[in-house]
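Scroll down for the structure; my scribbles are underneath it.
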Amino acid sequence: METNDGVAATGDAAADSPVPPAPESPAFAEVPEEVHGPLPVAELHLHIEGTLEPGLIFDLAERNGIQLPYADLDELRSRYEFTDLQSFLDLYYANMAVLRTKQDFADMTRAYLARAALAGVRHAEIMLDPQAHLSRGVALETCVNGVASVLAVSEEEFGISTLLIAAFLRDLTEDAALEVLEKLLAMNAPIAGIGLDSAEVGNPPAKFERLFARAKDAGLRRTAHAGEEGPPSYIIDALDLLDVERIDHGIRCMEDPDLVERLVQELTPLTVCPLSNVRLRAVDTLADHPLPAMLAAGLNVSVNSDDPAYFGGYVDDNFAQLKSVIGLSEFDCVRMAANSIRSSFASEERKSELLAELAASGH
Ligand code: HPA
Ligand code: ZN
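In our numbering, the protein residues as written are 1408 to 1770.
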C-alpha cells in the first residue's frame, strides 16, 4: 500500500493540536463585538411604518398594482434628504400608500422583527399610526390585525417580546383621536398603550388632555413625543396634563435646567433617537448630540431607531455610530440598555429576565 506524502501529514497534525492562549490575548471585556453578540436591548421608540424599506415599498407597490411616483429605487432613495420633521413626514405618509392589506402590514412587521433580532432587540414596543391608514380608506382591523398577527408570534419566531402602541396624529383634532380610540377599545384591539406623534410644533399636549385621560381610564399605558422640535414646556405639559409615563425624544429638556432636575428626580424615561435627530436636523451632527450631556446629568435615556428605514439605521447602527463618532463608552451603552429594559411596559418578570440576560451577555 502506498503512503501519502509525510510532510503534508505532519503539517496537518501540527495544525490540529490545541494551542494555549498567547499571554498577550485581550481581556474578555476587550473581545470584539462579534464574540459577545449584539447588546441586548428593549426598543421603546419605533414607528412600524418607519421600518418600510425602499425595496419593500417597491415590492408592495407591485403586488398591489400601485404606480409609485419614483422611476426606481435610486430615485426613491434620493428623496431621503430631510430639512426638518415635516419634510420627513411628507414622504413617510406618502410611502404608506403601498400598505393596503393585512398581509402588507404583516410583511412589514415581520421584516422589522427579523432585522431587529440581528440588532440585539429582545423586547420592542411598536407604535402604529392607525389614523394615517384610516384616512386612506384602510380599515382599522386591517392595519391593527395585520401588525398584531405577527406580534402574537414574535417571541417564538424572533425571540422578541412585543407590545403594540396606538399613536395618534397630533396635527389632527382631539375628537378624531377620541373616535379612533373608542373604536380600538370596542374591537378589543391588542394595544398596551397610546402615543402621540406627527407634527409637534403648534400641536401642544394640552390639545389631547381628554384623549389621555380616557386612555388612562381604560387601563392603557401612555407615552408622547415631546421636545423633539417643540419647546421644553411641551415636555412639562406632557407630564402634567397627559400623565405620560415616558417622553419620546425629549432632547430639548436640556434647555431647561429645572426640568432636567425634575426628570432626573422622577427617573422619567426619555427614548432618544440619535440618528433620527441628525437626519431631521434637530441637531447639526452626531458630534453635537446632547446624549453625552444627558447621561452626565443622570437622565434616564435609552437609544432607539424611530424610523430606521428613513434615518440610516437600526438600533445597533445607532449604538455603533455613537461609539465611533462620539466615543460613547461600553459602560454607557450597557447603562442605556439597562435603562431601556427598566423603562419598558413589559411585565416585571420579563424585565428581570432581560436584565439577567444583559448581565450575562459579556458586554
Ligand atoms: N416625530 C414625530 N412623528 C413621527 C416621527 C417622529 O420622529 N416618526 C414618525 N412619526
Ligand atoms: Zn418617533
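The C-beta atom is built at its ideal place from N, Cα and C for all residues, glycine as well.
Just so we're clear, the structure is a prediction, and the values are computed from it rather than from any experiment.
Run through the segment 1458 to 1532 for me and flag every whole alpha helix (DSSP H) of 4 or more residues, listed as ranges in chain order.
Secondary structure in the segment 1458 to 1532: the alpha helix (DSSP H) runs of 4 residues or longer, each lying completely within the stretch, are 1461 to 1470, 1480 to 1484, 1492 to 1502 and 1509 to 1525 in chain order.
Taking the alpha-carbon of residue 1443 as reference, which of 1757, 1751, 1748 and 1737 has the nearest alpha-carbon?
Nearest C-alpha to residue 1443 among 1757, 1751, 1748 and 1737: 1737.
So is the beta-carbon of residue 1457 under 7 Å away from any non-hydrogen atom of ligand 1?
Relative to ligand 1, the nearest heavy atom lies less than 7 Å away from the CB of residue 1457.
Tell me the DSSP secondary structure of residue 1723 in three-state form.
In this structure, residue 1723 counts as helix in the three-state DSSP scheme.
Excluding sequence positions up to five away, which residues of its chain have a Cβ less than 6 Å from the Cβ of residue 1651?
Non-local C-beta neighbours of residue 1651 in its own chain, meaning closer than 6 Å and more than five positions away in sequence, comprise 1629, 1630, 1631 and 1645, ordered along the chain.
Reduced DSSP category for residue 1746 - H, G, I as helix; E, B as strand; rest coil:
Residue state, collapsed to three classes: helix.
Among all the DSSP beta bridges, which residues are the ones paired with residue 1640?
Beta-bridge pairing by DSSP links residue 1640 to no other residue.
Taking 7 Å as the line, does the beta carbon of residue 1492 fall inside it for any heavy atom of ligand 1?
Set against 7 Å, the gap from the CB of residue 1492 to the closest heavy atom of ligand 1 is smaller.
Where does the unbroken alpha helix (DSSP H) through residue 1553 begin, and where does it stop?
1547 to 1558 is the extent of the alpha helix (DSSP H) around residue 1553.
How close, in whole Å, do the beta carbons of residue 1576 and residue 1539 come, if the pair is a contact with beta carbons under 8 Å?
That pair is a contact at about 7 Å.
Simplified DSSP assignment, three categories, for residue 1676:
Reduced to three states, the DSSP call for residue 1676 is strand.
Residue 1691, buried or exposed, once every other Cβ within 10 Å from all chains shown has been counted against 16:
So residue 1691 ends up on the exposed side.
Considering residue 1684, what are the terminal residues of the alpha helix (DSSP H) in which it resides?
Looking at the DSSP string, the run of the alpha helix (DSSP H) that includes residue 1684 is 1681 to 1686.
Thinking just about the alpha-carbon of each residue, which of 1636, 1671, 1647 and 1665 is nearest to the one in residue 1658?
Of the listed residues, the one whose Cα sits closest to residue 1658 is 1636.
By Cβ distance, which residues of its chain are closer than 6 Å to residue 1450, with the 5 residues on each side in sequence left out?
Shown here for residue 1450: same chain residues with a beta carbon closer than 6 Å to its own, the five before and five after excluded, namely 1528, 1531, 1711 and 1722 in chain order.
Residues that DSSP places opposite residue 1534 in a beta bridge:
The partner list for residue 1534 (beta bridge, DSSP) reads 1454 and 1572.
Would you identify the three-state DSSP class for residue 1761, choosing helix, strand or coil?
Reduced to three states, the DSSP call for residue 1761 is helix.
Residue 1811 to residue 1735 span [Cα, whole Å]:
The shown model of the chain, from 1408 to 1770, leaves out residue 1811, and the question about it has no answer.
Sequence-distant residues of the same chain with beta carbon closer than 7 Å to residue 1684, five excluded per side
Taken in chain order, the residues that qualify are 1658, 1690 and 1696.
Between which two residues does the beta strand (DSSP E) holding residue 1603 run?
Its beta strand (DSSP E) spans residues 1600 to 1604.
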